[in-house]
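Heads up: the structure comes next, in structure tokens.
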Amino acid sequence: MPSHPYYPYARGIYDRMVAEIKHKTEDFNIIGTYVERFDGYPKASGQAKFPSDVQLPGMLYGKFLKCPYAHAKIVSLDTSKAEALPGVKAVLTYKDEDVFGPFPMAVKDIKIIDGLALLPEEANWQGETIGAAVCAESEEICDEALKLLEVEWEELPFVLTIEDCDPANIWHQTEFSRCLIVSDYPDYQEDESYDIEKGFQDADVQVEGRVKWDYIPHAASEPNAAVAQWDSDMLTLWIHTQRPQVRPSTIAKCLGIPSSHVNLNMLYQGGMFGQNHIYNSESMRLDLTTIVL
1 MPSHPYYPYA RGIYDRMVAE IKHKTEDFNI IGTYVERFDG YPKASGQAKF
51 PSDVQLPGML YGKFLKCPYA HAKIVSLDTS KAEALPGVKA VLTYKDEDVF
101 GPFPMAVKDI KIIDGLALLP EEANWQGETI GAAVCAESEE ICDEALKLLE
151 VEWEELPFVL TIEDCDPANI WHQTEFSRCL IVSDYPDYQE DESYDIEKGF
201 QDADVQVEGR VKWDYIPHAA SEPNAAVAQW DSDMLTLWIH TQRPQVRPST
251 IAKCLGIPSS HVNLNMLYQG GMFGQNHIYN SESMRLDLTT IVL
């Protein structure tokens, strides 16, 4: 029980609000009544199906090469040993430029300058998808094929803190450096007439300090997964996304097919917290590479 001196007062207000709401909704069929969660039992019993649970007859599996460094570029990539492994059906690399069209962002306020590479040859963080994807008869064979890829890496500089940044020699270590953010708010304007240094000099008081805010990751419990099935020129998808109204049309644009030829099956989603919004190229890489493989 809270011990704050204002608690009894706040509790009294809350009780009166509940009583008033109950009185006003006592004749309602839904509002003010107990509604059982339709997803409660499937999730609690383990019967809920997620994209990673989808199993199709004769299904093939795909996995990506991951960068082992914080910032690195592929100098050379030899896939011959991976392709020769029994059970491997295909190996896709960053050299296959004709496989994908430009990676569009289905957002009104963002315009793509040169598109985003779905299998980039340069990675911006350790563990990022880079360079190659393998397709095989099982996940285990995919793992073995990835080990057989012969990669020559060029390690590039990286920074961990703002203090380590050199303003005179800064680089854009992020995929969004290729995007131009354009606001369409009617009242939006840029004003560069203010002299910031003069403002500090004319201030009566200057306060300096250091504020640290730890990085908050999107700790979703479900790993990204995508399943694709072609039937003639129709594509059916089971994917991990929180924008089902946008993702099919974005995928169709990348593949150069009508959006009406893409069917999306939305299963249970294991949490996203924004990470599988339109800005997440990792999930788009997964979806599109799965489709092509």
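Note that the UniProt record's numbering numbers the sequence shown so that position 269 is 269, with each residue one more than the last.
In this text, a Cβ means the ideal position worked out from N, Cα and C, and glycines have one as well.
Only a predicted model underlies this, so the values are computations on that prediction, with no experimental measurement involved.
Cβ-based burial, residue i [other Cβ within 10 Å; buried from 16]
{"i": "Gln206", "result": "exposed"}
{"i": "Pro120", "result": "buried"}
{"i": "Gln126", "result": "exposed"}
{"i": "Cys165", "result": "exposed"}
{"i": "Ala44", "result": "exposed"}
Rounded C-alpha distance that separates residue i from residue j
{"i": "Pro86", "j": "Leu160", "result": "42 Å"}
{"i": "Met266", "j": "Gly62", "result": "20 Å"}
{"i": "Tyr14", "j": "Gly131", "result": "57 Å"}
{"i": "Gly209", "j": "Tyr194", "result": "23 Å"}
{"i": "Gly32", "j": "Gln47", "result": "29 Å"}
{"i": "Lys89", "j": "Ser249", "result": "28 Å"}
{"i": "Pro244", "j": "Glu192", "result": "40 Å"}
{"i": "Met59", "j": "Asp143", "result": "16 Å"}
{"i": "Leu156", "j": "Pro42", "result": "47 Å"}
{"i": "Ile30", "j": "Arg247", "result": "33 Å"}
{"i": "His261", "j": "Cys254", "result": "13 Å"}
{"i": "Gln269", "j": "Ser221", "result": "9 Å"}
{"i": "Ala219", "j": "Ala225", "result": "16 Å"}
{"i": "Thr241", "j": "Leu77", "result": "31 Å"}
{"i": "Lys198", "j": "Glu163", "result": "24 Å"}
{"i": "Asp231", "j": "Leu56", "result": "13 Å"}
{"i": "Val35", "j": "Glu26", "result": "14 Å"}
{"i": "Phe273", "j": "Tyr215", "result": "14 Å"}
{"i": "Gly40", "j": "Pro51", "result": "18 Å"}
{"i": "Ile251", "j": "Ser259", "result": "8 Å"}
{"i": "Ile81", "j": "Glu150", "result": "The sequence given here has Lys at residue 81, not Ile. Those two C-alpha atoms are separated by around 8 Å."}
Beta-carbon proximity list for residue i, same chain, < 6 Å, skipping 5 on both sides
{"i": "Val54", "result": "Val227 and Trp238"}
{"i": "Ala133", "result": "Gly62, Phe64, Leu92 and Thr289"}
{"i": "Glu128", "result": "Cys67"}
{"i": "Asn263", "result": "Thr236"}
{"i": "Glu122", "result": "Lys73"}
{"i": "Ile196", "result": "none"}
{"i": "Tyr94", "result": "Leu119, Glu121 and Gly131"}
{"i": "Glu83", "result": "Val91"}
is_contact[residue i, chain B] using C-beta, thresh 8 Å
{"i": "Arg11", "result": "Within the model displayed, chain B is absent; a lone protein chain is all it includes."}
*In chain order, which alpha helix (DSSP H) runs of at least 4 residues are fully inside the stretch 34–102?*
40–45 and 80–84
_the stretch 136–154 / the stretch 70–77 touching (three or more Cβ pairs under 8 Å)_ = yes
*Every unbroken alpha helix (DSSP H) inside the stretch 188–245 [4 residues or more]*: 196–202
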